[in-house]
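Working notes for the structure below.
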Amino acid sequence: MTGTFTPTEMMTIAAARTLTNDDICFVGIGAPSAACNVARLTHAPKITLIYESGTIATKPDVLPLSIGDGELCETALFTVSVPEMFRYWLQGGRITTGFLGGAQIDRFANLNTTVVGDYAHPKVRLPGGGGAPEIASNCGRILITMAMGTRAFVEKLPFITSMGHGEGGDHRARLGLKTKGPTAVITDLCVMQPDPVTKELAVVSIHPGVARETVAAACGWALKFAETVTETPAPTPEELSVLRDIQARTRNAHKAA
Amino acid sequence: MTGTFTPTEMMTIAAARTLTNDDICFVGIGAPSAACNVARLTHAPKITLIYESGTIATKPDVLPLSIGDGELCETALFTVSVPEMFRYWLQGGRITTGFLGGAQIDRFANLNTTVVGDYAHPKVRLPGGGGAPEIASNCGRILITMAMGTRAFVEKLPFITSMGHGEGGDHRARLGLKTKGPTAVITDLCVMQPDPVTKELAVVSIHPGVARETVAAACGWALKFAETVTETPAPTPEELSVLRDIQARTRNAHKAA
Amino acid sequence: MCDIRTKLKYRTIVLTRMGLLPYLKTLTAHSVNGRPLSLSIQGTRAMAELMSLADAIAANVRDGDSVAFEGFTHLIPFAAAHETIRQGRRDLTLIRMTPDIIYDQMIGAGCAKKLKFSWGGNPGVGSLHRMRDAVENGWPHALGIEEHSHAAMANAFEAGAANLPFAMLRGYIGADLPKVNPMIRSVTCPFTGEVLAAVPAIRPDVSVIHAQRADREGNVLLEGIVGVQKEAVLAAKRSIVTVEEVVDALDPPSRNSVVLPHWTVSAIAVVPGGAYPSYALGYYPRSNATYIAWDAIARDRDTFLAWMQDNVLSGQPGDFARHARPRAGAN
Amino acid sequence: MCDIRTKLKYRTIVLTRMGLLPYLKTLTAHSVNGRPLSLSIQGTRAMAELMSLADAIAANVRDGDSVAFEGFTHLIPFAAAHETIRQGRRDLTLIRMTPDIIYDQMIGAGCAKKLKFSWGGNPGVGSLHRMRDAVENGWPHALGIEEHSHAAMANAFEAGAANLPFAMLRGYIGADLPKVNPMIRSVTCPFTGEVLAAVPAIRPDVSVIHAQRADREGNVLLEGIVGVQKEAVLAAKRSIVTVEEVVDALDPPSRNSVVLPHWTVSAIAVVPGGAYPSYALGYYPRSNATYIAWDAIARDRDTFLAWMQDNVLSGQPGDFARHARPRAGAN
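First to last, the protein sequences are chains P, S, L and A.
Just so you know, we're using numbering that gives the first Met the number 0 here: the first sequence kicks off at 0 and counts up by one.
Just so you know, we're using numbering that gives the first Met the number 0 here: the second sequence kicks off at 0 and counts up by one.
Just so you know, we're using numbering that gives the first Met the number 0 here: the third sequence kicks off at 0 and counts up by one.
Just so you know, we're using numbering that gives the first Met the number 0 here: the fourth sequence kicks off at 0 and counts up by one.
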């Protein structure tokens, strides 16, 4: 089965690999949820997954469609109110890893999920920030998963919904933040990490079968590459089957209800 | 049995009579707890009793020794955390009636339960305010129960632990308070209420068998009497037997454990 | 249901029997100026009354009100929203962290003049097309928005329940929302000098929620993902709770369960299935298929209007019963 | 008990088997500077380790620490306090809403240099004579006090758990305490101009609580009157939980029960009866007779010292087991 996998599968599995048993992870819906549960069902069985609906240490058998499906509550260690989730658990500094995605990202891993165009008279009104602004500042580190493309990876964001590394360099520290911010952007083509000093994103590994030029062409800014760029290890058979199994279970469950 | 009752029994029963089925009552330990439960077991069976330990709508069979005896939790509709109690329920404006007592009181029903003497070098260190400062400001009305005596009913308090009517008149309103503050002081000799305008306490009823001069002599300031002073109706047989029964059950329970 | 009139009558009877009424009238009249004390206390409202959903909405939701129909994915009060649409309420300020399908329907139906929210999507599916059409194109009319983050909204509900004028949080750092929302301000710690974000407390005119069950006194139990509903009710001037069932004994599973006592709720209406296509844990699951199907319905104005005619305007609260299930594990 | 070393080892094994370790080392090393990530995150501490009470106190409570032994009447951690006294800790700043007998003993034993509190009496009985002797006469040595109201202390614990620098409340209006406590300040609402009271958040070096039970992973359940214990643990740098028992499955009675997950607790010690003469709901009742008897013991310095010698200094944690009862309703 190895050798035939989709770019989205590669992205999800690459994201899963950044997680460990020690992580206490604030999970978003979609690719992050798939990645976290693949990690839990493969190399990180003791990872703690938290969804902002209040469900703590949850172990869903199918991926939730919403952030608050009954499955999450029924398999959680316990469930707290939403104010408590944001006060004691997120702002309280209890979360090691937050997952974010967005409609648009810039070279310092700032994200836009609010508007395209002018805020008062938007061309496209996106869903908005939800938990993102405070996930971005309060989690120990941030992982971002997004499919690449020049409309998504842009030179300048029309709106900063959640701060990554701001203007780069020590911008986060200057604002008093003690958390790391984005430590990796995992895409369907490659993995990027911020430069230790400038904080500008650079490609550190390219997924199997993807050309360097393809990666560069899918980015709206002049994308940097790290000195050593490796090839992302292909999904293992175990990783692929775990991912495909949970997605099949999920499709069946969501059609049924 | 009517005709033989102690001054403390009269005080407790007079306090019980000020409560109704509509009251949501923040109960303190001692005479207030006895009064509230006598009310519940006689004319106000639907009264809601709340103890600051977090127990809401509790119906104890014996009086608790502490504010958080197991009896309170076991007979409560539900129990909340102490921060929630003070934030959502007391500060939230949900309590119609708060009961307070103290070591000392002045003519405007301000209370001292903190120190006698200088705060930094106290002659007597009292327990302190506990919930009183915010009970005094956040409950719809305040009832005070205290035994009279010139060391307790004083011309000037060394320390204001909780505000009653402050300096009198519209002092509460000037501080932005919308609650009524103390509406009655129920003692072992009489019942006092604040003057509608000056807010100075005046005796409105004297307990059976107590002389007006006895009341005046037990007060450290020149105590006012209302134009019409009635005799407090003596405890009814039902009131007395309910009070004595619950106190007997309580004594047995506290000795046992 | 024990309303305040019954209580006052009861008290009068008991006290008269005891022969103490004249004395007590004097004592309490002085302190309450002739009105029952509890009616005049800030934050203490009428006791829960059991009524039909139509009556509950008619009595409590008025044109121009600020309203919070809350429920974080779970226990969303759809039946109450549909009844509000049917009664033709207008100029509402809709408050909700996640507008979800419920506000997509109310906005598309023309109930709203303003939306206060923090994440406006169809969870796991995509856009809320009716909300977008209102914001982007002013259809069916212009919609003002006040946008926050989840953390700010959750804290603002919490501050409302705690009777504070504002909430503070370590939030919005490096984000653009404070530049476009003048209701995001700051406050400085008087001990450390740290500057924190501040937002106004949320104090709706009416909060509407769905819960698993109530007892005959009107005490309400919520279980599972409880969201901000307790805070929404405690923060509001009036509140409506729809429930799956009324039971003799509430029997909360834990002594620390989430309970709203009857003296915090204005009206209770029994509407089995009333959270569908959201869900009621222990009764019926979320209809994810319906959420997925909503995308196509809401994408087109005519399709939406036809769906609303068939499913809301021609409907009634009892329609939701077909989605209800008996409580799991109930006798 | 699954401590962090076991977890790291486990992760290494699994990843090596998968042949991905070299790749992952690069990826994670960059983001964590060579240290396991969770150790470097603010607010995330070591995983719960199951140990003896003596070891737990020795490892976590140090001379000069600020410590909160919390429990609002219920679940007061007496056994842990006795162990702290036996280990001779000095110069502690004792934080507790209601000092109760537990701090009367620690103050009388000379452990404390400062007390932060809101109500210092023997509940329903009278004075705390050892606390009074320290404040009024400096015996066994002077005791500094920082005094608040209950509302302020509860809010300050809550703010600590929420990682805020201060708490605000509608409090202290017309009261004298702000005149003598410089740690009571004010903050102004940026929307309404209302002035509110402000107090610093409580962030103890160590919080110590007693709970009904833990599971083998170290997750802890509290049930009943839960006081400020959850907040105290979440606000603290380190925490110790004594429990009545360790069970295979925690089985919280409600999905919304009060649980502390194992990654919020530093150490867990099994001490049946460890809350006596306070109580553990479902296990054993409060010994009100002991509270009443304490008045005579604590009134006189010599009587107190003799009692401490016999009951604390010559004792051990296992002594508390005689007060324990099997859980009501347990198999």
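Idealized CB from N, CA, C, for every residue including glycine.
Quick caveat, the model's predicted, so the values are computed rather than measured.
- About 16 Å separates the Cβ atoms of P203(L) and F165(L), ruling out a contact at the 8 Å cut-off.
- If you look at Q104(L), you'll find it in the alpha helix (DSSP H) that goes 99-107.
- Short of 6 Å from the beta carbon of G148(P), and not among the five residues preceding or following it, lie these beta carbons of its own chain, in chain order: A217.
- Cβ atoms of E69(L) and R85(L) stay farther apart than 8 Å, at about 20 Å.
- Taking A327(L) as the centre and dropping the five residues before and after it, the same chain places the C-beta of G281 closer than 6 Å to its C-beta, in chain order.
- Nearest neighbour of G180(P) by Cα position, chosen from C189(P), T186(P), P193(P), turns out to be P193(P).
- Between the region 132-139 of chain S and the region 141-154 of chain A there are three or more inter-stretch CB-CB distances shorter than 8 Å, so the stretches are counted as touching.
- E82(L) sits buried, since 16 or more C-beta atoms from the chains shown fall within 10 Å of its C-beta.
- Not one beta carbon of chain S lies nearer than 8 Å to the beta carbon of P271(A).
- Taking A213(A) as the centre and dropping the five residues before and after it, the same chain places the C-beta of V219, V242, V245, I267 closer than 6 Å to its C-beta, in chain order.
- Interface annotation, P126(P): in contact with chain L, CB-CB separation under 8 Å.
- With respect to L52(L), A79(L) sits close: the two C-beta atoms are nearer than 8 Å.
- Per DSSP, reduced to three states, the secondary structure at Q246(S) is helical.
- Following the DSSP letters along the chain, one finds M307(A) inside the alpha helix (DSSP H) bounded by residues 300-307.
- T96(P) and S136(P) do not touch by the CB rule: their CB atoms are close to 14 Å apart, not below 8 Å.
- Neighbours of G67(S) in chain A, taken as residues whose beta carbon is under 7 Å from its own, are F71, T72, H73, I224 in chain order.
- Sequence-ordered contacts of the region 117-133 of chain A with chain S read S117, W118, G119, G120, P122, G123, R131 [C-beta pairs closer than 7 Å].
- Closer than 7 Å at the C-beta level to chain S, one finds these residues of the region 244-261 of chain L: P251, R254, N255, S256, V258, P260.
- Taken in chain order, the whole alpha helix (DSSP H) runs of length 4 or more contained in the region 49-119 of chain P are 69-73.
- Between S256(A) and F77(P), the C-beta spacing is below 8 Å.
- In the same chain as S277(L), and ignoring 5 residues on each side of it, the C-beta atoms closer than 7 Å to its own belong to G70, T72, H73, L74, I75, F77, R285, in chain order.
- CA-to-CA, the gap between A108(L) and I208(A) works out to about 53 Å.
- Taking the Cβ atoms as the reference, T182(P) lies roughly 7 Å from I141(P), within the contact range of under 8 Å.
- C-alpha of P316(L) to C-alpha of F158(P): approximately 42 Å in a straight line.
- Within the same chain, and ignoring the five residues on either side of D250(L) in sequence, no residue has its Cβ closer than 6 Å to its Cβ.
- Under DSSP, F4(P) forms no beta bridge with any residue.
- Contact annotation for Y87(S) against chain L: A160, A161, L233 [CB-CB distance below 7 Å, chain order].
- Just measuring C-alpha positions, the residue of P177(A), A57(A), R215(A), F116(A) sitting nearest D247(A) is R215(A).
- Three or more beta-carbon pairs separated by less than 8 Å are not found between the region 154-170 of chain L and the region 131-141 of chain L, which leaves the two stretches without contact.
- For the pair E145(L) and M182(L), the CB atoms are nearer than the 8 Å cut-off.
- Taking C-beta separations shorter than 7 Å and ignoring five residues to either side along the sequence, the partners of N121(L) in its chain run I100, L127, Y290, W293, D294, following chain order.
- Within chain A, N218, V258, P260 have C-beta atoms less than 7 Å from the C-beta of L76(P), given in sequence order.
- Secondary structure within the region 150-198 of chain S: the alpha helix (DSSP H) runs of 4 or more consecutive residues, fully enclosed, are 170-173 (chain order).
- Residues of chain S with a Cβ closer than 8 Å to the Cβ of T263(L) are, in chain order, R93.
- In this structure, the straight-line span from the alpha carbon of M162(S) to that of L174(S) is close to 11 Å.
- Going by DSSP, P177(A) is part of the alpha helix (DSSP H) stretching over 176-179.
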